[in-house]
Amino acid sequence: VLNNKPGVSEKRRADIKKLAEQFGYSPNILARNLVMKKQHMLGYIVSSLSNPAYIDFFHRIESSCRAQGYQVLIADSEENVKLEKQHIKAMLEHRADGLLIFPVADDHSSAGHRHFLDLQLRKVPFVLLGESGGYNFDYVTSEEIESSGVLARHLLELGHRRIGVVGVLPGNRCTEQRLEGVTRVLERESPEAAKILRRADGEKEDWIPEVCSWFKYPDAPTALITMNNGVALRLYRPLEEVGIEIPRDVSMVSFEDDFWTELIRPSLTTSVPNNAEVARLAFETLRERIKDPEAPPIGHHIPQTFIRRESSGPPRPEQK
Numbered sequence: 133v134l135n136n137k138p139g140v141s142e143k144r145r146a147d148i149k150k151l152a153e154q155f156g157y158s159p160n161i162l163a164r165n166l167v168m169k170k171q172h173m174l175g176y177i178v179s180s181l182s183n184p185a186y187i188d189f190f191h192r193i194e195s196s197c198r199a200q201g202y203q204v205l206i207a208d209s210e211e212n213v214k215l216e217k218q219h220i221k222a223m224l225e226h227r228a229d230g231l232l233i234f235p236v237a238d239d240h241s242s243a244g245h246r247h248f249l250d251l252q253l254r255k256v257p258f259v260l261l262g263e264s265g266g267y268n269f270d271y272v273t274s275e276e277i278e279s280s281g282v283l284a285r286h287l288l289e290l291g292h293r294r295i296g297v298v299g300v301l302p303g304n305r306c307t308e309q310r311l312e313g314v315t316r317v318l319e320r321e322s323p324e325a326a327k328i329l330r331r332a333d334g335e336k337e338d339w340i341p342e343v344c345s346w347f348k349y350p351d352a353p354t355a356l357i358t359m360n361n362g363v364a365l366r367l368y369r370p371l372e373e374v375g376i377e378i379p380r381d382v383s384m385v386s387f388e389d390d391f392w393t394e395l396i397r398p399s400l401t402t403s404v405p406n407n408a409e410v411a412r413l414a415f416e417t418l419r420e421r422i423k424d425p426e427a428p429p430i431g432h433h434i435p436q437t438f439i440r441r442e443s444s445g446p447p448r449p450e451q452k
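Per the working numbering, residue 133 is the first one in the sequence shown, and the count goes up by one each step.
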């Protein structure tokens, strides 16, 4: 009666519900879930909660899940594959119906994704928020190669040919794909720019002094492509301290978006991932996998949005 099953008159149903409220009755969720073999609980495992984007994804995913009657458990793998495996095991022991995972090994290698193959063989529903490592898994990811190509083309159209790329992390799928998109466009549309493309890779301790040193010479880049908006933000002050003004002396474009990218001066030109659509589609893909464990796996690449702001402009005539 309390589950609104048919065959009971509305008057009788109302009377029983009134009595249930009067005596403080609440349904035994655990017992019901054991019968239905569903907990309406999903696991959300991220490679690092220090990444603000993953918190944003959690809020969006949790909202979608809540609207469909699911609760979400969250765990931080701290960039550790062993810890990632432990979190997966723990969530399955808590009878999570499915898993949404930002994998620690977010690259094309199969080694870091092998434990997901075990999940697939056991018919555990899961969706990767990132690449599938060459395996035939369900995944949803932001389109990086085409999006970075849009930024490179924007700079070429402004007249830039001396371009620097800052913040590529070797082994990091996202930044390597962004670099690939840039080099593809340069090689196809401006081979001379591709030949003189400069790079400052690694963590900020390495690339801040290197980037600043570029501007000691006449052939300094007239435009920089940073691999995320955090890299861009860290460069504003050091460039100012060595007398380089954005965009008068160097244009800057980046990826991702935050409240400050519009507030900072000059405001930052960016390629913005559609986190809302990635989160929505990840949840929908997982829900379909829960419904049909035998369906063929599917992958989704979600386009980004280019936003032109103040940090990019044409090079000065004497810089060409």
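Built from N, CA and C at the ideal position, the CB exists for glycine as well.
Nothing here was measured: the structure is a model prediction, and the numbers come from that model.
Through-space distance from residue j to residue i, alpha-carbon basis
i: residue 296; j: residue 324; result: 13 Å
i: residue 360; j: residue 221; result: 32 Å
i: residue 349; j: residue 279; result: 30 Å
i: residue 179; j: residue 423; result: 27 Å
i: residue 267; j: residue 245; result: 8 Å
i: residue 379; j: residue 212; result: 39 Å
i: residue 391; j: residue 407; result: 15 Å
i: residue 275; j: residue 450; result: 36 Å
i: residue 345; j: residue 338; result: 12 Å
i: residue 446; j: residue 383; result: 8 Å
i: residue 215; j: residue 248; result: 14 Å
i: residue 174; j: residue 304; result: 27 Å
i: residue 277; j: residue 141; result: 60 Å
i: residue 167; j: residue 188; result: Bear in mind that the predicted position of residue 167 carries a pLDDT of just 49, short of 50, making it unreliable; the figure below should be weighed with that in mind. Near 34 Å, if we compare the C-alpha coordinates of residue 188 and residue 167.
i: residue 250; j: residue 372; result: 51 Å
i: residue 272; j: residue 262; result: 6 Å
i: residue 165; j: residue 432; result: For residue 165, the pLDDT reaches just 47, beneath the cut-off of 50, and the residue's location in the model is therefore unreliable, leaving the point undetermined.
i: residue 332; j: residue 300; result: 7 Å
i: residue 158; j: residue 196; result: Residue placement at residue 158 is poorly supported in this model, since its pLDDT is 45, which falls under 50; the coordinates still yield a value, given next. C-alpha separation (whole angstroms): 25 Å.
i: residue 186; j: residue 397; result: 26 Å
i: residue 146; j: residue 201; result: 24 Å
i: residue 109; j: residue 308; result: Shown here, the chain extends from 133 to 452; a query on residue 109 therefore has no answer.
i: residue 234; j: residue 321; result: 34 Å
i: residue 191; j: residue 452; result: 46 Å
i: residue 181; j: residue 326; result: 36 Å
i: residue 427; j: residue 335; result: 41 Å
i: residue 208; j: residue 217; result: 11 Å
i: residue 162; j: residue 306; result: Because residue 162 carries a pLDDT of 43, less than 50, the predicted location of this residue cannot be relied on, and the following value inherits that uncertainty. Each residue's Cα considered, the two are about 41 Å apart.
i: residue 156; j: residue 393; result: With a pLDDT of only 49 at residue 156, under the threshold of 50, the placement of this residue in the model should not be trusted; the figure read from the coordinates follows. Their Cα atoms are separated by approximately 52 Å.
i: residue 144; j: residue 199; result: 29 Å
i: residue 256; j: residue 370; result: 49 Å
Reference residue i, options the options, closest by Cα
i: residue 316; options: 294, 304, 285; result: 285
i: residue 381; options: 435, 356, 194; result: 356
i: residue 259; options: 429, 440, 435, 189; result: 429
i: residue 425; options: 397, 270, 304, 352; result: 270
i: residue 354; options: 177, 288, 393, 401; result: 288
i: residue 319; options: 305, 281, 290; result: 281
i: residue 237; options: 264, 396, 383; result: 264
i: residue 395; options: 376, 370, 411, 443; result: 443
i: residue 448; options: 345, 290, 393; result: 290
i: residue 226; options: 214, 234, 235, 206; result: 206
i: residue 203; options: 176, 337, 184, 252; result: 176
i: residue 229; options: 172, 186, 191; result: 172
i: residue 400; options: 363, 374, 432; result: 363
i: residue 457; options: 427, 374, 223; result: Nothing about residue 457 can be reported from this structure: the residues present for the chain run from 133 to 452 only.
i: residue 455; options: 181, 224, 235; result: The question about residue 455 has no answer here: the residues shown for the chain are numbered 133 through 452.
i: residue 329; options: 292, 302, 309, 365; result: 292
i: residue 183; options: 200, 210, 143; result: 210
i: residue 312; options: 283, 199, 334; result: 283
Assumed close pair residue i, residue j - CB separation to whole angstroms, cut-off 8 Å
i: residue 437; j: residue 404; result: 5 Å
i: residue 358; j: residue 314; result: No, residue 358 and residue 314 are not in contact; Cβ-Cβ is about 11 Å, not under 8 Å.
i: residue 410; j: residue 376; result: Wrong, their Cβ atoms sit about 35 Å apart, outside the cutoff.
i: residue 232; j: residue 413; result: Contact doesn't hold; Cβ gap of about 11 Å is too wide.
i: residue 351; j: residue 294; result: 6 Å
i: residue 415; j: residue 193; result: 6 Å
i: residue 310; j: residue 340; result: No, residue 310 and residue 340 are not in contact; Cβ-Cβ is about 19 Å, not under 8 Å.
i: residue 402; j: residue 420; result: In fact, because the Cβ distance is near 32 Å, the residues do not count as touching under 8 Å.
Strand pairing of residue i, partner residues [DSSP]
i: residue 432; result: 272
i: residue 295; result: 355
i: residue 422; result: In DSSP, residue 422 forms no bridge with anything.
i: residue 313; result: Note: residue 313 sits in no beta bridge, so no partner.
i: residue 174; result: 204, 230
i: residue 259; result: 232
i: residue 98; result: Summary: the structure shown does not reach residue 98, with the chain confined to residues 133 through 452, and so no result is reported for it.
i: residue 332; result: 298
Check: residue i C-beta below 7 Å from any heavy atom of the ligand NAD
i: residue 177; result: Summarising the ligand content, the structure contains no ligands, and the ligand NAD is consequently not present.
What runs of the alpha helix (DSSP H), each 4 residues or longer, lie entirely inside the region 384-413?
Entirely contained in the region 384-413, the alpha helix (DSSP H) runs reaching 4 residues are, in chain order, 392-395.
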